[in-house]
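Data first, discussion second: the structure below is written as structure tokens.
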Amino acid sequence: MAKVIVMIFIHYGVEVCSQCAPICRQVANGADQLDGTPDSILAHIKHAEELVNSNSITDLVENTENLYYALYARLIMEIAAVHLCASFTLGFRRPESDRSFQLPEPREICKTFLLCKQMLDEEDVCNHLNKELVKEHQVGFIRYKSDKIQTDGFLLDDLLGYRRRALDVIEDETSEFRQEWRKATPMYEMPPPEILALQSEKYLIWTPRWDAVHKAVPAVSLPFIDPKTIPKEIWDREMILDQRQATLAKLESKCVGDIRRIDDRRRLIDFVRERKCICRSTCSCAWDCTQDVEHPCPCSERTLSLMVAKRRKSVGPLPFGPRCNVLAKAIFEGIASVRPSDANDMELSVEINRAFSVFAEEIRKQRSTGVITSPTMLSVSERKAELLLIRAQI
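Those letters in the sequence shown? Residues -20 to -1, 1 to 374, per mature numbering (1 follows the signal peptide of the UniProt record, and there is no 0), in order.
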């Protein structure tokens, strides 16, 4: 889960920083970048990746606990920030989708964060939460952001007028937001108004911070098929069949992806390699792809990334950490592609649970290349180590 949550932060330009120690800030094109300081979320994830072939229960327990509290404390703060952002109705509408990827609106990403928190709250993950440790992480983060504002300053007026309106809500003791978060949880340390306003405005955007995303996620070569390499008569015949599938989907009030998923004429991966849609009806692209069946599916890259990872028998060409970043990006894009009208807990849970299975399998593959040679020969300590790694990564 940590990988996916951090990937969400990256897409929104949210800073993931050290929460108890001073850090050096990195800035690229005006967007705050993730740091790698010893007590940051990223540092704990990196340490877990370094321990991927380790069977030291002591090291793995320590790393998993450190990552859990750093992530849990920050997640609560971001839920509050998104909640504040979602409480505003801005005087403009998002542009109509041109099939390019758009970030979920604040209300939708808040649902995702709440589901992630529910999973972290499960007893088999943590049966005794150290509230003081959660508070310690949050106080450290607030201290860092306060120092940053003193250095950089705080501009009250922004282009949308959001900060001034946010400050009014935060400072109003009778506001719904203030009352809810003052009593909602003893584990939320509310930052000063200026910090919370800056923290929450990150979720106003709908275009990802692509520079930060591309820096964190390496480019990968996927086995797409160039239509020009397919004989014309074969391609034309497939286009006719695609049109028939789209027509059938419309007649049955389905999307073309639903029809292809029950059609055993071709493997699903063959459709995806040709950039043809296999998305379920809950995907934001499903109906557009049904109406224009010849248009490349915008989800084909993230879908093929996950398919290739699942079909791969061993580790991929990338190192373990960057490989997991690619998967985390694909998983988040799957979460973000659920249509707002269908973004209920069940649909979002399906996408989040996919992260568990994908990362668990990737960890097993990585460990099979290390000191462990046969899953059937795993000792009790080795099985415990593998489980701890899975928890640390997701």
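Ideal placement from N, C-alpha and C gives every residue a C-beta, glycine not left out.
Meets three-Cβ-pair contact criterion under 8 Å: the segment 111 to 128 and the segment 31 to 51
yes
Residues in its own chain within less than 8 Å of residue 136 by CB, not counting five upstream and five downstream?
As a position in the sequence shown, residue 136 is number 156, starting the count at 1. Correct list, in chain order: 143, 144, 147.
Evaluate residue 169 with the Cβ neighbour count: other Cβ atoms within 10 Å of its Cβ, from every protein chain shown; 16 or more gives buried, anything less gives exposed.
As a working mapping, residue 169 is identified with position 189 in the sequence shown. When all chains shown are included, residue 169 counts as buried.
Less than 8 Å between the beta carbons of residue 189 and residue -10, yes or no?
Translated into positions along the sequence shown, residue 189 becomes position 209. Translated into positions along the sequence shown, residue -10 becomes position 11. Cβ atoms of residue 189 and residue -10: closer than 8 Å.
Flag this pair as yes or no: are the beta carbons of residue 317 and residue 264 separated by less than 8 Å?
Position 337 of the sequence shown holds residue 317. Position 284 of the sequence shown holds residue 264. Residue 264 sits close to residue 317, with the two beta carbons spaced by under 8 Å.
C-alpha gap between residue 294 and residue 345, whole angstroms:
As a position in the sequence shown, residue 294 is number 314, starting the count at 1. As a position in the sequence shown, residue 345 is number 365, starting the count at 1. Their backbone Cα atoms lie some 6 Å apart in a straight line.
Would you say the beta carbon of residue 87 comes nearer than 7 Å to a heavy atom of the ligand FMN?
You won't find the ligand FMN in this model; it holds no ligand whatsoever.
Roughly how many angstroms separate the alpha carbons of residue 193 and residue 166, rounded to a whole number?
For the purposes of this step, residue 193 is taken as the residue at position 213 of the sequence shown. For the purposes of this step, residue 166 is taken as the residue at position 186 of the sequence shown. Residue 193 and residue 166: Cα-Cα distance of roughly 34 Å.
By how many angstroms is the C-alpha of residue 176 removed from the C-alpha of residue 234?
On the sequence shown, residue 234 is found 254 positions in, with the first residue counted as 1. On the sequence shown, residue 176 is found 196 positions in, with the first residue counted as 1. Those two C-alpha atoms are separated by around 43 Å.
Collapsed DSSP secondary structure at residue 376 in the structure displayed
It is not possible to answer for residue 376, since the shown part of the chain is limited to -20 through 374.
Nearest to residue 236 by CA position, among 214, -7, 244, 224, is which residue?
Position 256 of the sequence shown, counted from the start, is the residue given in the question as residue 236. Comparing Cα positions, the closest option is 224.
Where residue 211 sits in the DSSP three-state scheme
Mapped onto the sequence shown, residue 211 falls at position 231. Of the three classes helix, strand and coil, the one that applies to residue 211 here is coil, per DSSP.
Does the Cβ of residue 247 have 16 or more other Cβ atoms within 10 Å, making it buried, or fewer, making it exposed?
Locating residue 247 in the sequence shown gives position 267, counting from the first residue. Under the 10 Å beta carbon count, residue 247 is surrounded by fewer than 16 other beta carbons and is classified as exposed.
Return helix, strand or coil for residue 252, following the three-state DSSP convention.
For the purposes of this step, residue 252 is taken as residue 272 along the sequence shown, with counting starting at 1. Here residue 252 sits in helix by DSSP.
What residue range does the alpha helix (DSSP H) around residue 141 cover?
In the sequence shown, the residue the question calls residue 141 occupies position 161. Taken as a continuous stretch (DSSP letters only), residue 141 belongs to no alpha helix (DSSP H), as it is neither H nor E.
Please classify residue 108: is it buried, with 16 or more other beta-carbons within 10 angstroms of its beta-carbon, or exposed?
Along the sequence shown, one-based indexing puts residue 108 at 128. By the neighbour-count criterion, in which 16 or more other beta carbons inside 10 Å mark a residue as buried, residue 108 falls on the exposed side.
Quick one: what's got a C-beta closer than 6 Å to residue 349's C-beta in the same chain, skipping five residues either side?
Locating residue 349 in the sequence shown gives position 369, where the first residue counts as 1. Excluding sequence neighbours, residue 349 sits near 295.
For residue 226, count the other beta carbons within 10 Å of its own beta carbon; 16 or more makes it buried, fewer makes it exposed. Which is it?
As a position in the sequence shown, residue 226 is number 246, starting the count at 1. Residue 226 should be labelled buried.
Please check the pair residue 261 and residue 238, which I expect to be a contact at CB under 8 Å, by giving their CB distance rounded to whole angstroms.
To locate residue 261, count along the sequence shown from 1; it is residue 281. To locate residue 238, count along the sequence shown from 1; it is residue 258. Going by Cβ atoms, the distance from residue 261 to residue 238 rounds to 6 Å, so yes, they are a contact pair.
Just reading off the alpha helix (DSSP H) that residue 274 is part of, what are its end residues?
Residue mapping note: residue 274 aligns to position 294 of the sequence shown, counting from 1. Here residue 274 belongs to no alpha helix (DSSP H), and DSSP marks it neither H nor E.
What whole-angstrom Cβ distance do residue 97 and residue 55 have, given they're in contact under 8 Å?
Position 117 of the sequence shown, counting from 1, holds the residue named residue 97. Position 75 of the sequence shown, counting from 1, holds the residue named residue 55. Rounded, the Cβ-Cβ distance is 6 Å, consistent with contact.
Kindly indicate the opening and closing residues of the alpha helix (DSSP H) around residue 293.
Reading the sequence shown from its first residue, position 313 is the one you call residue 293. Segment: none, residue 293 is in no alpha helix (DSSP H) and carries neither H nor E.
For residue 351, which residues from the same chain have a beta carbon less than 7 Å from its beta carbon, with the 5 sequence-adjacent residues on both sides left out?
As a position in the sequence shown, residue 351 is number 371, starting the count at 1. Legend: pLDDT at residue 351 = 47, less than 50; position of this residue unreliable, no value from coordinates given.
Run the CB neighbour count on residue 353, radius 10 Å, all protein chains shown included, and call it buried at 16 or more, exposed below.
Residue 353 sits at position 373 when you count from the first residue of the sequence shown. At residue 353 the pLDDT is 39, less than 50, meaning the model places this residue with poor confidence; the figure from the coordinates comes in the next sentence. With fewer than 16 other Cβ atoms within 10 Å, it is exposed.
Using 10 angstroms around the beta-carbon of residue 314, count the other beta-carbons present and answer buried if the total reaches 16, otherwise exposed.
To locate residue 314, count along the sequence shown from 1; it is residue 334. With 16 or more other Cβ atoms within 10 Å, it is buried.
Close-in-space but distant-in-sequence residues of the same chain around residue 138 (CB under 6 Å, 5 per side omitted)
In the sequence shown, counting from the first residue as 1, residue 138 sits at position 158. Closer than 6 Å at Cβ, skipping near neighbours: no residue.
Going by DSSP in three states, residue 32 sits in which element: helix, strand or coil?
On the sequence shown, position 52 is the one that residue 32 refers to. It is coil, neither helix nor strand.
In terms of DSSP beta bridges, what is residue 235 paired with?
To locate residue 235, count along the sequence shown from 1; it is residue 255. Paired residue(s): none; residue 235 is not in a bridge.
In whole angstroms, what separates the C-alpha of residue 333 from that of residue 325?
The residue given as residue 333 occupies position 353 in the sequence shown. The residue given as residue 325 occupies position 345 in the sequence shown. If I take the Cα positions, the gap works out to 12 Å.
Would the beta-carbon of residue 259 fall within 8 Å of that of residue 181?
For the purposes of this step, residue 259 is identified with residue 279 of the sequence shown, where counting begins at 1. For the purposes of this step, residue 181 is identified with residue 201 of the sequence shown, where counting begins at 1. No, the Cβ-Cβ distance between residue 259 and residue 181 is not below 8 Å.
Taking only three categories from DSSP, how would you classify residue 279?
As a first step, residue 279 is located in the sequence shown; it is residue number 299 there, counting from the start. Residue 279: coil per DSSP, three-state reduction.
Within a Cβ cutoff of 7 Å, which residues of the same chain sit near residue 29, ignoring the five residues on either side of it in sequence?
To locate residue 29, count along the sequence shown from 1; it is residue 49. Cβ within range, chain order: 300, 301.
Would residue -7 and residue 58 be called neighbours here (beta carbons separated by less than 8 Å)?
Against the sequence shown, residue -7 aligns to sequence position 14. Against the sequence shown, residue 58 aligns to sequence position 78. Yes, the Cβ-Cβ distance between residue -7 and residue 58 is below 8 Å.
Can you look up residue 106 in the DSSP assignment and give me helix, strand or coil?
In the sequence shown, the residue the question calls residue 106 occupies position 126. Three-state result, residue 106: coil.
Distance, residue 277 Cα to residue 23 Cα:
As a working note, residue 23 is residue 43 in the sequence shown. As a working note, residue 277 is residue 297 in the sequence shown. In a straight line, the C-alpha of residue 23 is about 36 Å away from that of residue 277.
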